[in-house]
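Okay, structure first, notes after.
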Amino acid sequence: MAQVASLTLLHNDDARPIIEAILADNPGVRVLDMPGCVKLDRDMELVVNRASVEERLGRTWDPQEIHLVLVSMAGNLDEDDDRFLVGWKH
Amino acid sequence: MALQALSPDYEKHIEYRDAEKNFHGNRVVYVHWEEHLSYCAPLAFPLPPDMPFGAFVEAIIKGHYNAHPDFEKIDWDRVEWMIDGLKTKPDLGKSLADNGVGHKSLVRFWTPGLSGYKNSAS
Amino acid sequence: MAVKKLGLKQRYAHMTRGLDWETTYQPMDKVFPYDKFEGIKIKDWSAWEDPFRLTMDAYWKFQAEKERKLYAVLDAFAQSNGQTKISDGRYVNALKLFLTGVSPLEYQAHRGFAWAGRHLRGVGPRVASQMQSLDELRHFQTQAHTISQYNKYFDGIAEFRHMHDRVWYLSVPKSFFDDARSAGPFEYMIAVGFSFEYVLTNLLFVPFMSGAAYNGDMSTVTFGFSAQSDESRHMTLGIEVIKFLLEQHPDNLPIVQKWVDKWFWRGHKVLGLVGMMMDYMLPKKVMSWREAWDIYFVEAGGSLFQDLARYGLRPPKYSDVATAEADHVSHQIWATFYQYCHAAAFHTWIPDREHMDWLSEKYPTTFDKYYRPRWEMWAEMEKQGKRFYNMALPQLCQTCQVPMLYTEPGNPETICFRHSKFKGDTYHFCSDGCKDVFDGEPEKYVQAWLPVHQIYQGACGGPTVPDVLAYYRMNVGADNMDYVGSPDEKLWMSWQAGAVKAAE
Numbered sequence: 001m002a003q004v005a006s007l008t009l010l011h012n013d014d015a016r017p018i019i020e021a022i023l024a025d026n027p028g029v030r031v032l033d034m035p036g037c038v039k040l041d042r043d044m045e046l047v048v049n050r051a052s053v054e055e056r057l058g059r060t061w062d063p064q065e066i067h068l069v070l071v072s073m074a075g076n077l078d079e080d081d082d083r084f085l086v087g088w089k090h
Numbered sequence: 091m092a093l094q095a096l097s098p099d100y101e102k103h104i105e106y107r108d109a110e111k112n113f114h115g116n117r118v119v120y121v122h123w124e125e126h127l128s129y130c131a132p133l134a135f136p137l138p139p140d141m142p143f144g145a146f147v148e149a150i151i152k153g154h155y156n157a158h159p160d161f162e163k164i165d166w167d168r169v170e171w172m173i174d175g176l177k178t179k180p181d182l183g184k185s186l187a188d189n190g191v192g193h194k195s196l197v198r199f200w201t202p203g204l205s206g207y208k209n210s211a212s
Numbered sequence: 213m214a215v216k217k218l219g220l221k222q223r224y225a226h227m228t229r230g231l232d233w234e235t236t237y238q239p240m241d242k243v244f245p246y247d248k249f250e251g252i253k254i255k256d257w258s259a260w261e262d263p264f265r266l267t268m269d270a271y272w273k274f275q276a277e278k279e280r281k282l283y284a285v286l287d288a289f290a291q292s293n294g295q296t297k298i299s300d301g302r303y304v305n306a307l308k309l310f311l312t313g314v315s316p317l318e319y320q321a322h323r324g325f326a327w328a329g330r331h332l333r334g335v336g337p338r339v340a341s342q343m344q345s346l347d348e349l350r351h352f353q354t355q356a357h358t359i360s361q362y363n364k365y366f367d368g369i370a371e372f373r374h375m376h377d378r379v380w381y382l383s384v385p386k387s388f389f390d391d392a393r394s395a396g397p398f399e400y401m402i403a404v405g406f407s408f409e410y411v412l413t414n415l416l417f418v419p420f421m422s423g424a425a426y427n428g429d430m431s432t433v434t435f436g437f438s439a440q441s442d443e444s445r446h447m448t449l450g451i452e453v454i455k456f457l458l459e460q461h462p463d464n465l466p467i468v469q470k471w472v473d474k475w476f477w478r479g480h481k482v483l484g485l486v487g488m489m490m491d492y493m494l495p496k497k498v499m500s501w502r503e504a505w506d507i508y509f510v511e512a513g514g515s516l517f518q519d520l521a522r523y524g525l526r527p528p529k530y531s532d533v534a535t536a537e538a539d540h541v542s543h544q545i546w547a548t549f550y551q552y553c554h555a556a557a558f559h560t561w562i563p564d565r566e567h568m569d570w571l572s573e574k575y576p577t578t579f580d581k582y583y584r585p586r587w588e589m590w591a592e593m594e595k596q597g598k599r600f601y602n603m604a605l606p607q608l609c610q611t612c613q614v615p616m617l618y619t620e621p622g623n624p625e626t627i628c629f630r631h632s633k634f635k636g637d638t639y640h641f642c643s644d645g646c647k648d649v650f651d652g653e654p655e656k657y658v659q660a661w662l663p664v665h666q667i668y669q670g671a672c673g674g675p676t677v678p679d680v681l682a683y684y685r686m687n688v689g690a691d692n693m694d695y696v697g698s699p700d701e702k703l704w705m706s707w708q709a710g711a712v713k714a715a716e
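Protein chains in written order, with our numbering: chain A, 1 to 90; chain B, 91 to 212; chain C, 213 to 716.
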């Protein structure tokens, strides 16, 4: 069974650039729409890159701002100043 | 003791909350009509140990299971009994205690031929 | 010269580990007296990997922002009389179940994590636990505020605190947390942080919050999303705890395995209430309990335990039993509340034809064969003016405290009976899982405060049902009984009539 890394985000204006960045940076990502939120799944690893979000947002962005729109996640978290990553790799 | 506790004599300080002596002369008895799961679970009653088994049937069992459409059809002479996992034929004239019904004993009974609403075990 | 900025990992390390110290005035074992008795061995606390790196300033900033947004929505909901726009008056009963059964657990979690945040020797888990403690208090407060709007109009809500500590079905969730909080700090972290907040959390939150979304309850949906961002941090703490314990010492594996088995099973028993809610209490259905279990346990749990297998951990014992039970429990539990709602603080009702057809479709192997007949029989009885109320008290499982309503695995036509003898007394269980929990620590569970036995000991107001309902502070004729004929129904119908009139 493939191990699925996942992020579920609110489907609102604040999350839009983040969702777009995720779709651009994660080949093979699968999207599941749910009421008010969107679940993004990918085998093994899913990453949110600060630079990608900033490109779409038009201002500097702190990856920890994701806490405002994060609903759920699956996978081990690794975060630093440049990215927020969930995955099952070791 | 199996439990890991801060003090090695933990079990000396515990309260056995449902000891028979806490029930004011009664013991807890559970009764269950098999194949009639519309009664969602066995019923629990606090009863005197010297209550005659016959009174237990009349007052308790008949008093509480009479809502079911199968109830009127029960042939009480053909009812099959099990007390604490052992098939038995209770003596209606003897007490619960003398019939082997102890504290927290489970009395199960079957009514052959009657297996719930439209035989669904409900 | 430009000042070099510290990276997130370094900043966080300085603010947490950097402020920790080895005590010298008192020995460390005296300062941390509770973290050795469970037998868990930690060789090196510095190997703890922080699951998230929120310093306090970031925490306050983000939490304050979430609060601002949430309370704006709660205000708007109240101002627009949002409670009149839900799908149906029956829906509010899901909220009653939530406030009486779940919200007090948030408070228990607040206390539990505050305690763990003091008594774990490692600074990393202490800081994370302290933040979680604040989160859980926030959840309790926001739930109370969210549901307070409904309390202005609907019954069964006002006495939630009093009822949680006394009412028979509420001892199920209460005893779950009492058990966790009276354990040691490591068991607490595995019980709540891992088993509940990681393995099972989606099975609590998604049903209630999606249920709210589908049934027009904007305030609860908004609360749900606001809390979920906290939950993500809780999940990362839970997974880090179990990985850390399993990596620290091989002797920890059997202890952790025992806890994973125990707490999965105890959590599964509490979640039966949620299954009932999903399948029977939502006028607009989200998905079935069967479907939710398959997504959030079988699939998601499968990935998780595959990952943890590298430590030698196996999936929880009786996972297969719980998975098979998902076809039965919601029906069995709603049937239980149907017959006992004269003693419950929420209403029940018979599912209508359309609802039963939905249940048939979602449960093709079980509903029509085992459960539809029950509803048909009771519908007949209702028509004859003899709506079935079971006036005798049920036998309860010694461990999970749920009535003994579960059927034998593989045979849904007979109750599952298990028992153990301990120091001359008999104890009864609904399942092998609950029996195993008791057998593992009998000295703990013989102390259980079982509501039915307490009533029979005279500890609950008196011997009769009215005595007990008064002890529960139940508003008889309003909080309890069938939805049909209730004051809630009357109120709801009057709103509908008013709305029709206004539209004409």
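All C-beta atoms in this analysis are idealised placements derived from N, C-alpha and C, irrespective of residue type, glycine included.
Between the options, which lies nearest to residue i when the distance is taken from Cα to Cα?
{"i": "Leu449 (chain C)", "options": "C:Ala534, C:Gly336, C:Pro585", "result": "C:Gly336"}
{"i": "Phe113 (chain B)", "options": "C:Gln355, C:Asp262, C:Lys574, C:Gly670", "result": "C:Gly670"}
{"i": "Pro585 (chain C)", "options": "B:Lys163, B:Pro159, B:Leu176", "result": "B:Pro159"}
{"i": "Ile151 (chain B)", "options": "B:Ser97, B:Arg107, B:His122", "result": "B:His122"}
{"i": "Val533 (chain C)", "options": "C:Trp707, C:Pro495, C:Trp505", "result": "C:Trp505"}
{"i": "Gln291 (chain C)", "options": "C:Asp569, C:Met430, C:Ala259, C:Ala709", "result": "C:Met430"}
{"i": "Thr560 (chain C)", "options": "C:Trp570, C:Leu571, C:Leu465, C:Ala547", "result": "C:Ala547"}
{"i": "Ala425 (chain C)", "options": "C:Trp257, C:Ile369, C:Lys497", "result": "C:Lys497"}
Identify every residue that forms a DSSP beta bridge with residue i.
{"i": "Leu9 (chain A)", "result": "A:Val38, A:Leu70"}
{"i": "Ile627 (chain C)", "result": "C:Thr619"}
{"i": "Gly87 (chain A)", "result": "A:Glu45, A:Asn76"}
{"i": "Arg193 (chain C)", "result": "This structure cannot speak to residue 193 (chain C), because chain C is shown only from 213 to 716."}
{"i": "Asp637 (chain C)", "result": "C:Phe634"}
{"i": "Pro136 (chain B)", "result": "B:Val118"}
{"i": "Val197 (chain B)", "result": "B:Val121, B:Ile173"}
{"i": "Asp33 (chain A)", "result": "A:Val38"}
{"i": "Pro142 (chain B)", "result": "B:Ser185"}
{"i": "Thr178 (chain B)", "result": "B:Trp171"}
{"i": "Pro606 (chain C)", "result": "B:Leu133"}
{"i": "Val453 (chain C)", "result": "Its beta-bridge partners do not exist; DSSP assigns none."}
{"i": "Val339 (chain C)", "result": "In DSSP, Val339 (chain C) forms no bridge with anything."}
{"i": "Val4 (chain A)", "result": "A:Asp43"}
Tell me the rounded alpha-carbon separation between residue i and residue j.
{"i": "Asp82 (chain A)", "j": "Leu220 (chain C)", "result": "9 Å"}
{"i": "His322 (chain C)", "j": "Leu9 (chain A)", "result": "25 Å"}
{"i": "Gln469 (chain C)", "j": "Ala51 (chain A)", "result": "42 Å"}
{"i": "Leu127 (chain B)", "j": "Asn623 (chain C)", "result": "12 Å"}
{"i": "Arg198 (chain B)", "j": "Trp171 (chain B)", "result": "6 Å"}
{"i": "Gly175 (chain B)", "j": "Arg168 (chain B)", "result": "19 Å"}
{"i": "His640 (chain C)", "j": "Asp188 (chain B)", "result": "22 Å"}
{"i": "Met589 (chain C)", "j": "Asp700 (chain C)", "result": "26 Å"}
{"i": "Cys553 (chain C)", "j": "Asn692 (chain C)", "result": "6 Å"}
{"i": "Gln666 (chain C)", "j": "Asp62 (chain A)", "result": "55 Å"}
{"i": "Tyr492 (chain C)", "j": "Leu309 (chain C)", "result": "13 Å"}
{"i": "Asp442 (chain C)", "j": "Phe634 (chain C)", "result": "42 Å"}
{"i": "Gly673 (chain C)", "j": "Glu125 (chain B)", "result": "34 Å"}
{"i": "Ile252 (chain C)", "j": "Phe600 (chain C)", "result": "51 Å"}
{"i": "Arg685 (chain C)", "j": "Asp377 (chain C)", "result": "12 Å"}
{"i": "Met488 (chain C)", "j": "Phe366 (chain C)", "result": "21 Å"}
{"i": "Asn363 (chain C)", "j": "Trp501 (chain C)", "result": "28 Å"}
When the cut-off is 8 Å and only beta carbons count, does residue i lie next to chain C?
{"i": "Glu45 (chain A)", "result": "no"}
{"i": "Lys208 (chain B)", "result": "yes"}
{"i": "Ile104 (chain B)", "result": "yes"}
{"i": "Asp81 (chain A)", "result": "yes"}
{"i": "Gly87 (chain A)", "result": "no"}
{"i": "Pro132 (chain B)", "result": "yes"}
{"i": "His122 (chain B)", "result": "yes"}
Can you check whether the C-beta of residue i is within less than 8 Å of a C-beta belonging to chain B?
{"i": "Thr354 (chain C)", "result": "no"}
{"i": "Leu662 (chain C)", "result": "yes"}
{"i": "Lys656 (chain C)", "result": "yes"}
Please report whether the beta-carbon of residue i lies at a distance below 8 Å from any beta-carbon of chain A.
{"i": "Ser515 (chain C)", "result": "yes"}
{"i": "Leu382 (chain C)", "result": "no"}
{"i": "Gln518 (chain C)", "result": "yes"}
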